[in-house]
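These notes concern the structure reproduced below.
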Amino acid sequence: VVLNSIIKAMVPLLHIALLVLFVIIIYAIIGLELFMGKMHKTCYNQEGIIAEEDPSPCALETGHGRQCQNGTVCRPGWDGPKHGITNFDNFAFAMLTVFQCITMEGWTDVLYWAAFLLN
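Quick look at the structure:
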């Protein structure tokens, strides 16, 4: 009886899982369009070393995002947040970043990093 009930519940659970996967795919595509390649710029000092202990993405001088302080310059070349895992550079990482936001584990970090990039 219990096993039969579990098997009957699998079909609706599969439908819910497919719906969640569809939502993750849609938001990953949106993230790819908006933020592809933009999470790899951070502030560097004059010697070409990352200027911050905990680096965050920055916007170029012409943008309206996060600006570098104290004579540092926003340049590309950084791996990105969370050692390059949190980004929207390809579909797999975009889905992983959206999943991170859905699980609400570190979603505020992704929110602030995305806000730093807007220009």
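In UniProt numbering, the protein residues as written are 1 to 119.
C-beta atoms are modelled at their ideal positions from N, C-alpha and C, and glycine is treated no differently.
This structure is a prediction, so every number in the text was calculated from the model and none was measured.
Euclidean distance between Cα positions of residue i and residue j
i	j	result
Asn-45	Asp-109	24 Å
Gly-65	Val-2	56 Å
Val-23	Thr-103	13 Å
Trp-107	Gln-100	6 Å
Ile-6	Lys-38	45 Å
Leu-34	Ile-26	13 Å
Leu-118	Ala-92	22 Å
Residue i in three-state terms, based on DSSP
i	result
Thr-108	helix
Ile-85	coil
Met-95	helix
Asn-70	coil
Met-36	coil
Asn-90	coil
Leu-118	coil
Val-23	helix
Those residues which DSSP pairs with residue i across a bridge
i	result
Thr-42	Arg-75
Ile-50	Tyr-44
Assumed close pair residue i, residue j - CB separation to whole angstroms, cut-off 8 Å
i	j	result
Pro-81	Pro-57	7 Å
Met-95	Ala-28	5 Å
Gly-31	Phe-88	4 Å
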